[in-house]
Amino acid sequence: MKSLKKFALATMTCAALLGFAATSHAAYQLSDEVKTATPALLMATEIGVKANTNAALANLPDKSAIVVMSFGTTFKDTRAKTIDATVEAIKAAHPGVKVVTAFTSHIIIDRIKANEGITYPTPEEALAQLKQEGYTCVAMTSLDIIPGMEYAYKDAVYQMHKNDFKHASFGTPLMYWQGQEDQDDDITATMKALSTQFPKMGKKDAVLVMAHGTPHPANAYYAVMQDRLNELGYENVLIFSVEGWPHLETVIPQLMCK
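Quick note, the sequence shown lines up with residues 31 to 288 if you use the working numbering.
Structure (structure tokens):
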């Protein structure tokens with residue numbers, strides 16, 4: 031699934047911070063006609079890749095690091111094939127830049143430490159350690175799929191710690207833009223990549239894609255994903271979630287009608 035290299039690269043754009051270019055549609059730009067934007071308006075229009083420069087630290091030397099954030103998993107084999115593989119791809123793409131893996135789940139952190147003797151920091155702990163070690167340019171990247179509760183938490187961490195560094199940035203999850211206002215359509219690109227894993231299906235066959243679900247409004251992304259699958263001709267592929275909507279009970283009647 032080569033398109034999902036975006037996991038490791040495109041979503042962590044940091045522009046000049048780490049010396050690599052941002053995509054042209056990385057962030058929302060406030061209209062040039064707005065000359066008296068208030069702090070609240072500026073904060074509200076922080077959409078897409080976020081970046082911050084602390085002028086008070088301008089004289090500090092550049093020392094760059096990347097923090098790769100995810101929920102984490104206690105399944106060692108799965109972690110090696112997913113999170114660890116992504117981190118290694120990021121390291122290979124940015125030689126000489128320190129890369130730190132941080133988990134948001136305290137339960138997972140504790141279980142891995144107890145069972146494997148490996149200590150993963152939380153995002154807050156990772157940033158505090160980088161600051162202590164003298165790092166001044168930090169790119170935060172998220173391995174989230176959609177901008178739900180987990181992503182909102184990481185965004186809050188970024189907002190709380192961005193001024194600890196001369197430059198700081200925070201990338202988007204795998205699926206963020208939906209093609210609005212000439213932005214990229216992350217949903218279609220991801221569904222095309224996902225479709226490469228579908229088995230060959232007959233007229234009476236179907237594929238169910240199980241999602242986690244969230245109380246966050248970003249749960250609406252699942253409906254957009256279903257729309258894009260239908261546009262791509264995969265009307266026999268249905269998405270359901272464990273804790274959100276649509277439920278399994280929502281899609282079963284659709285299977286009976288096909």
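Glycine included, every Cβ here is placed at the ideal spot set by N, Cα and C.
On a predicted model such as this, the values are computed, not experimentally measured, just so you know.
Host alpha helix (DSSP H) of residue i (start-end)
i	result
Leu-268	Premise fails: Leu-268 lies in the beta strand (DSSP E), 267 to 271, not in any alpha helix (DSSP H).
Asn-249	No alpha helix (DSSP H) contains Asn-249, which DSSP labels as neither H nor E.
Gln-159	153 to 162
Asp-107	106 to 111
Met-231	Here Met-231 belongs to no alpha helix (DSSP H), and DSSP marks it neither H nor E.
Lys-143	136 to 146
Asp-185	179 to 191
Option in the options with minimal Cα separation from residue i
i	options	result
Val-117	Ala-158, Thr-131, Ser-61	Thr-131
Glu-180	Pro-203, Asn-193, Val-168, Gln-159	Pro-203
Phe-200	Glu-211, Asp-185, Tyr-206, Trp-207	Asp-185
Ala-223	Ala-156, Tyr-183, Met-286, Met-205	Met-205
Asn-193	Ala-67, Leu-72, Ala-81, Leu-71	Ala-81
Met-253	Gly-232, Lys-230, Val-281, Phe-228	A small fix is needed here, since residue 253 is Ala in this sequence, not Met. Checking every option, the nearest Cα to that of Ala-253 belongs to Val-281.
Gln-189	Asn-89, Met-170, Asn-266	Met-170
Val-98	Lys-128, Ala-67, Thr-108, Thr-104	Lys-128
Ala-198	Thr-83, Thr-108, Pro-247	Thr-83
Gly-263	Lys-233, Ile-113, Asp-107, Ala-85	Lys-233
Ala-182	Ser-100, His-136, Ala-158	Ser-100
Ala-156	Asp-174, Phe-133, Arg-141	Phe-133
Leu-259	Gly-126, Val-237, His-124	Val-237
Ala-241	Ser-172, Phe-270, Asp-114	Phe-270
Gln-162	Ile-139, His-136, His-191	His-191
Arg-141	Ser-172, Gly-78, Thr-103, Val-64	Thr-103
Thr-244	Asp-107, Pro-276, Leu-285, Arg-109	Pro-276
Asn-89	His-246, Lys-196, Ala-248	Lys-196
Gln-59	Glu-265, Asp-212, Ala-123	Asp-212
Trp-207	Ile-77, Pro-283, Gln-284, Pro-247	Ile-77
Val-187	Ala-158, Pro-283, Gln-210	Ala-158
Arg-109	Leu-173, Met-221, Val-272	Leu-173
Ile-139	Thr-66, Lys-106, Ala-85, Ala-122	Lys-106
Glu-273	Ser-61, Gly-209, Asn-249, Val-79	Asn-249
For residue i, the residue or residues it bridges with in DSSP
i	result
Ile-96	Val-129, Ala-169
His-197	Thr-83, Cys-167
Ala-241	Ser-271
Asp-215	Gln-208
> Just checking, does the stretch 142 to 155 make contact with the stretch 205 to 225 on the three C-beta pairs under 8 Å criterion?
Replying inline: no
>> Under 8 Å, with one C-beta from each stretch per pair, do the stretch 86 to 96 and the stretch 160 to 176 reach the 3-pair mark?
In response: yes
> Is the stretch 228 to 235 touching the stretch 244 to 259 in the sense that three or more CB pairs, one from each, lie closer than 8 Å?
Replying inline: no
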